[in-house]
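>
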Amino acid sequence: MTVLHHIVEPGFFGSAPVHRALLVGTIAALVAGPLGVFTVLRGQSFAGEALGDIGTTGGSGAYLVGVGPLWGFLVFNVAAVTVMELIGVQRRRGRDLATGVVLGSGLGLAALFLYLDATHQSTTGTTVTVLFGSLFSVSATTVPIAIGVAAAVLALLLVVGRPLLLACTNAELASARGIPVRLVGYVYLLALSLAVALCALTIGSILSTALLVGPAASALRVSSRPGPAIAAAAVLGVAATWVGVLLAYDSYAWPPHGQGWPLSFFVVSLVLVIYLACGAVSHVARGRRAAPTLVAG
Amino acid sequence: MFSSFMVNAWIVGTIVAVVAGAVGFFVVARGSSFAAHALPNGSFAGAAGAALIGIDTLIGLAVCSVLGAVSIALLGRRGRHDVATALVLVLMLALGSLFLSLSSQYAPAVYSLLFGEILGIGSGELAPTAGLAAASLLGLALLYRPLLLSSVLPEVARARGIGDVAIELGFLIVVALTAAMTIPVVGTLLVFTVMIGAPAAARSVVSRPAHAIALSVAIALATVWGAIALSYDTNYPVGFYVGTISAGCYLLGRLAGARRGSARAPRAAATALET
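As given, the protein sequences belong to chains S and A, one line each in that order.
Numbering (my numbering) for the first sequence: 44 to 340.
Numbering (my numbering) for the second sequence: 711 to 985.
1) Could you check where the alpha helix (DSSP H) with S:TYR231 kicks off and where it finishes?
2) Return the residues of the region 140-151 of chain S that lie within a Cβ-Cβ distance of less than 7 Å from chain A, sorted by chain order.
3) Report the rounded CA-to-CA distance for S:ARG264 versus S:LEU200, giving the unit in angstroms.
4) Would A:PHE735 count as contacting chain S if we go by Cβ distances under 9 Å?
5) Listing by chain order, which chain S residues have their CB less than 7 Å from the CB of A:SER743?
6) Of all Cβ atoms in chain S, is any one closer than 9 Å to the Cβ of A:GLY756?
7) Examine chain S for any beta-carbon lying closer than 9 Å to the beta-carbon of A:PHE881, and answer yes or no.
8) Restricting to runs no shorter than 4 residues, where is the alpha helix (DSSP H) found entirely within the region 46-130 of chain S?
9) Find the residues of chain A that neighbour S:GLU128, judging by a C-beta separation of less than 8 Å, and give them in chain order.
10) Do we get a CB-CB distance below 9 Å when we pair A:ALA982 with the residues of chain S?
11) Taking only beta-carbon positions, decide if A:ASP792 is within less than 9 Å of chain S.
12) Please state the DSSP three-state secondary structure of S:TRP304.
13) Under 9 Å between beta-carbons, which chain A residues line up against S:GLY257? List them in chain order, please.
14) Spatial neighbours of S:GLY340 within its chain, please: CB distance less than 6 Å, with the 5 preceding and 5 following residues excluded, ordered by chain position.
15) Using the rule of at least 16 other Cβ atoms within 10 Å of the residue's Cβ for burial, across every protein chain shown, is A:GLY963 buried or exposed?
16) Could you spell out where the alpha helix (DSSP H) holding S:TRP285 opens and where it closes?
17) For the structure I just gave you, are there three or more beta carbon pairs, one from the region 770-787 of chain A and one from the region 742-756 of chain A, closer than 8 Å?
18) When you compare only the Cα positions, how much space is there between A:ILE725 and A:GLY759?
19) What distance in whole Å lies between the Cβ atoms of A:ILE906 and S:GLY143, which are believed to be in contact at a cut-off of 8 Å?
20) Mind listing the chain A neighbours of S:TRP304? Cutoff is C-beta to C-beta under 8 Å, in chain order.
21) Shortest alpha-carbon distance to S:PRO77 belongs to which of S:ALA320, S:TRP285 and S:LEU254?
22) Could you please tell me which residues of the region 884-915 of chain A, in chain order, have their CB closer than 7 Å to any CB of chain S?
23) Under 9 Å between the Cβ atoms of S:VAL80 and S:ALA272?
24) Give a yes or no on whether 9 Å exceeds the smallest Cβ distance from A:LEU762 to chain S.
25) Near A:THR795, what residues of its chain come up, given a Cβ to Cβ distance below 8 Å and the 5 sequence neighbours on each side ignored?
26) Could you confirm whether any beta carbon from chain B is found closer than 9 Å to the beta carbon of S:LEU155?
27) Under 8 Å: do the region 223-236 of chain S and the region 290-305 of chain S share three or more Cβ pairs, one atom per stretch?
28) Starting from the C-beta of S:TRP114, find all residues in its chain whose C-beta is less than 7 Å away, skip the five residues before and the five after it, and write them out in chain order.
29) With a cut-off of 9 Å, does the C-beta of A:ARG969 fall near any C-beta of chain S?
30) To be precise: take each residue of the region 945-960 of chain A, compare its Cβ to all Cβ atoms of chain S, and keep it if any distance is under 7 Å. Which residues remain?
31) What does a CB cutoff of less than 6 Å around S:VAL311 pick up in its chain, not counting 5 residues either side in sequence?
32) Using a Cβ-Cβ cut-off of less than 9 Å, give me the residues of the region 94-117 of chain S that come near chain A, in sequence order.
33) With a 10 Å radius around its C-beta and 16 neighbouring C-beta atoms as the bar for buried, classify S:HIS326 as buried or exposed.
34) Identify the contact partners of A:GLY789 in chain S, using a Cβ-Cβ distance below 8 Å as the criterion.
35) On a CA-only basis, which of A:PHE809, A:ASN718 and A:ILE877 is nearest A:ARG1052? Give me that one, please.
36) Is the beta carbon of S:LEU241 within less than 8 Å of some heavy atom of the ligand NAD?
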């Protein structure tokens with residue numbers, strides 16, 4: 044029992060903020076993992092990361108006009124992916140550039156909104172809250188909305204999943220089969236914008252990117268088939284979140300006293316360790332598979 | 711507008727625009743927008759760490775962004791480049807927020823780090839900025855030929871024995887130095903926007919690399935100077951004007967490029983290496 048107390052600080056299972064953090068973190072990881080597989084396959088991590096920052100613009104804008112931050116996140120993210128799609132060249136390099144241009148002007152607006160927020164309402168603390176998010180301060184009313192957005196994202200993914208996968212791996216074959224490649228890509232971007240809005244608002248933009256890219260890239264290192272990769276990404280993301288929440292809760296007992304270390308630090312470290320471990324596993328597996336052919340050749 | 715306390719802003723703005731415009735040409739040519747966003751953004755961890763252990767912010771920024779550049783180049787060697795960049799970025803940001811929570815830094819400091827304080831630059835910051843700018847430009851000059859070749863015609867570069875990883879590493883270090891130099895004075899936002907907007911606009915109008923670099927520097931100068939002037943007049947943040955003007959330049963460049971027609975597009979690749 045004493046050993047258990049060292050791993051799980053007392054009160055972990057009884058605390059309401061912890062329950063909510065686990066619930067919202069799980070929802071975010073379950074959405075980000077599967078979507079992330081497509082993001083990694085399409086090479087659009089930058090778009091995922093940029094939308095997290097652009098959401099900040101929306102959040103600070105919403106604060107300015109006095110509506111809920113989620114609406115700001117959603118509206119700005121959907122607008123951003125639409126502009127990216129409109130100016131984006133279909134080649135990968137052009138796509139990155141489109142993301143960069145949209146991100147640059149979005150951040151410019153964020154500077155303005157945060158400045159106005161600070162001068163009109165004298166709340167400089169919002170910058171940090173909006174940018175870094177805190178899972179432990181998620182309010183109870185956010186939970187049903189988060190579940191709704193998560194369901195919408197997974198529904199979109201279910202509709203376009205198959206054609207999208209084909210469009211990621213073989214665009215020519217996809218268009219030969221009559222799949223509207225561009226439309227499918229845009230629907231994917233819409234799903235991404237909703238998912239990142241949800242994640243960035245609830246768990247912060249750092250963790251949003253970490254859970255979108257990390258588990259999916261790890262899963263794709265050990266399995267190249269989409270089905271298992273999607274399942275593995277979801278499982279790895281949830282595992283990293285749970286262990287991260289546990290460690291962050293425990294860290295309140297660590298020095299400096301009574302402050303706690305940020306959750307993002309723990310989850311990101313876990314995600315990185317998982318990514319490197321999956322790389323090592325796939326390296327060993329490939330080596331074993333390659334060995335007989337070397338002998339035969 | 712040109713009173714004594716504004717002189718430093720004009721000088722630093724000019725230095726930043728020249729370096730960011732030149733380095734940005736390669737950022738856009740190589741499709742490294744994500745790295746150019748990640749390095750300045752992530753090196754915020756360096757500033758937070760420097761505050762924690764009590765050393766100079768600029769040293770923290772430089773060390774952290776160069777370490778970030780090396781990590782991205784090494785992690786990206788095997789595996790996808792954008793995944794490596796994203797993971798290194800979130801690691802740096804998470805470390806930054808850890809340092810910030812340990813040192814209980816004050817929130818406004820974060821705001822000025824992200825969005826810069828170009829109108830409040832002291833004379834003491836001029837020399838380190840100029841020094842780092844010179845280092846970035848020198849690095850770029852040394853790498854110029856192989857970097858250009860590997861950006862425009864990667865296959866040819868590989869055939870001539872120019873190492874992908876070595877070039878990428880060198881280039882990312884130049885980007886990291888540029889980031890470190892600009893953050894304390896103009897913020898992570900301004901440097902990224904100038905590094906993307908101006909060269910993207912320039913590249914859609916001219917195709918010869920030397921001309922495009924010159925045009926990119928000119929557009930960057932116009933952007934930064936315009937932003938400082940407007941910010942001085944209206945009191946709104948510089949970053950807002952830089953972001954808006956950059957986006958406007960890119961849009962104009964795209965329109966001009968589209969009007970010039972796609973007929974000349976095949977020639978662009980052929981002339982790309984003549985200069």
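For each residue, glycine too, the CB sits at the ideal point set by N, CA and C.
Treat the numbers as computed from the prediction; the structure is a model and nothing was measured.
Put simply:
1) Numbered from its first residue, the first sequence carries residue 231 of chain S at position 188. Element bounds for S:TYR231: 224-265.
2) Under the 7 Å Cβ criterion, the region 140-151 of chain S contributes LEU140, THR142, GLY143, VAL144, LEU146, GLY147, SER148, LEU150 and GLY151.
3) Along the first sequence, one-based indexing puts residue 264 of chain S at 221. Along the first sequence, one-based indexing puts residue 200 of chain S at 157. Approximately 22 Å, taken between the alpha carbons.
4) Locating residue 735 of chain A in the second sequence gives position 25, where the first residue counts as 1. Chain S has no Cβ within less than 9 Å of the Cβ of A:PHE735.
5) The count along the second sequence starts at 1 and reaches residue 743 of chain A at position 33. What A:SER743 touches in chain S: PHE89, ASP139, LEU140, THR142 and GLY143.
6) Translated into the one-based positions of the second sequence, residue 756 of chain A becomes position 46. Closer than 9 Å: no.
7) Residue numbering aside, residue 881 of chain A sits at position 171 when the second sequence is read from its first letter. No, because no Cβ of chain S sits closer than 9 Å to the Cβ of A:PHE881.
8) Segments of the alpha helix (DSSP H) lying fully in the region 46-130 of chain S: 59-85, 88-108 and 112-130.
9) Position 85 of the first sequence, counting from 1, holds the residue named residue 128 of chain S. Here the premise fails: no neighbours, minimum Cβ distance about 15 Å.
10) The count along the second sequence starts at 1 and reaches residue 982 of chain A at position 272. Low confidence applies to A:ALA982: its pLDDT is 45, below 50, so where it sits in the model is not reliable enough to give any reading.
11) If you number the second sequence from 1, residue 792 of chain A lands on position 82. Chain S, which has a Cβ nearer than 9 Å to the Cβ of A:ASP792, makes this yes.
12) Position 261 of the first sequence holds residue 304 of chain S. DSSP places S:TRP304 outside both helix and strand once states are collapsed to three, so it counts as coil.
13) Residue numbering aside, residue 257 of chain S sits at position 214 when the first sequence is read from its first letter. Going along chain A in sequence order, the residues near S:GLY257 (Cβ under 9 Å) are VAL793, ALA796, LEU797 and VAL800.
14) Locating residue 340 of chain S in the first sequence gives position 297, where the first residue counts as 1. With a pLDDT of 33 at S:GLY340, under the threshold of 50, the predicted position of this residue should be treated as unreliable, and no value is reported.
15) As a position in the second sequence, residue 963 of chain A is number 253, starting the count at 1. Per the 10 Å Cβ criterion, buried.
16) The residue labelled residue 285 of chain S in the question sits at position 242 within the first sequence. Residues 269-293.
17) Verdict: yes, contact present.
18) Translated into the one-based positions of the second sequence, residue 725 of chain A becomes position 15. Translated into the one-based positions of the second sequence, residue 759 of chain A becomes position 49. Take the alpha-carbon of A:ILE725 and the one of A:GLY759: they are about 26 Å apart.
19) Counting from 1 along the first sequence, the entry for residue 143 of chain S is found at position 100. Counting from 1 along the second sequence, the entry for residue 906 of chain A is found at position 196. Beta-carbon to beta-carbon, S:GLY143 and A:ILE906 are separated by about 4 Å, close enough to satisfy the 8 Å threshold.
20) Reading the first sequence from its first residue, position 261 is the one you call residue 304 of chain S. At a beta-carbon threshold of 8 Å, the residues of chain A lying near S:TRP304 are LEU808, SER811 and LEU812, ordered along the chain.
21) In the first sequence, residue 77 of chain S corresponds to position 34, counting from 1. Of the candidates S:ALA320, S:TRP285 and S:LEU254, the one whose C-alpha sits nearest the C-alpha of S:PRO77 is S:LEU254.
22) LEU899, PHE902, THR903, ILE906, GLY907 and ALA910
23) Along the first sequence, one-based indexing puts residue 80 of chain S at 37. Along the first sequence, one-based indexing puts residue 272 of chain S at 229. Yes; because the gap between Cβ atoms is below 9 Å, this pair is in contact.
24) Taking the first residue of the second sequence as position 1, residue 762 of chain A is located at position 52. No, its Cβ sits nowhere closer than 9 Å to a Cβ of chain S.
25) Stepping through the second sequence from its first residue, residue 795 of chain A is reached at position 85. Cβ neighbours of A:THR795 beyond the five flanking positions: PHE744, ALA745, ALA748, ILE782 and GLY786.
26) Structure shown: chain B not included; protein chains present are S and A.
27) With the cut-off at 8 Å, the region 223-236 of chain S and the region 290-305 of chain S do not touch.
28) Translated into positions along the first sequence, residue 114 of chain S becomes position 71. Contacts found: ALA105.
29) Taking the first residue of the second sequence as position 1, residue 969 of chain A is located at position 259. No, A:ARG969 does not count as interfacial toward chain S.
30) From the region 945-960 of chain A, only TYR946, PRO947, GLY949, PHE950, VAL952, GLY953, THR954, SER956, ALA957 and TYR960 have a Cβ closer than 7 Å to chain S.
31) Counting from one through the first sequence, the residue named residue 311 of chain S turns up at place 268. Excluding five sequence positions before and after S:VAL311, the CB atoms of its chain that fall closer than 6 Å to its own CB belong to ALA253, given in chain order.
32) ASP96
33) As a first step, residue 326 of chain S is located in the first sequence; it is residue number 283 there, counting from the start. So S:HIS326 counts as exposed.
34) Here residue 789 of chain A refers to the residue found at position 79 when the second sequence is read from its first residue. By Cβ distance, chain S contributes ALA260, ARG264 and GLY322.
35) Absent from the model: residue 1052 of chain A. The displayed extent of chain A is 711 to 985, so no value can be given.
36) The ligand NAD is absent from the structure shown, which contains no ligand whatsoever.
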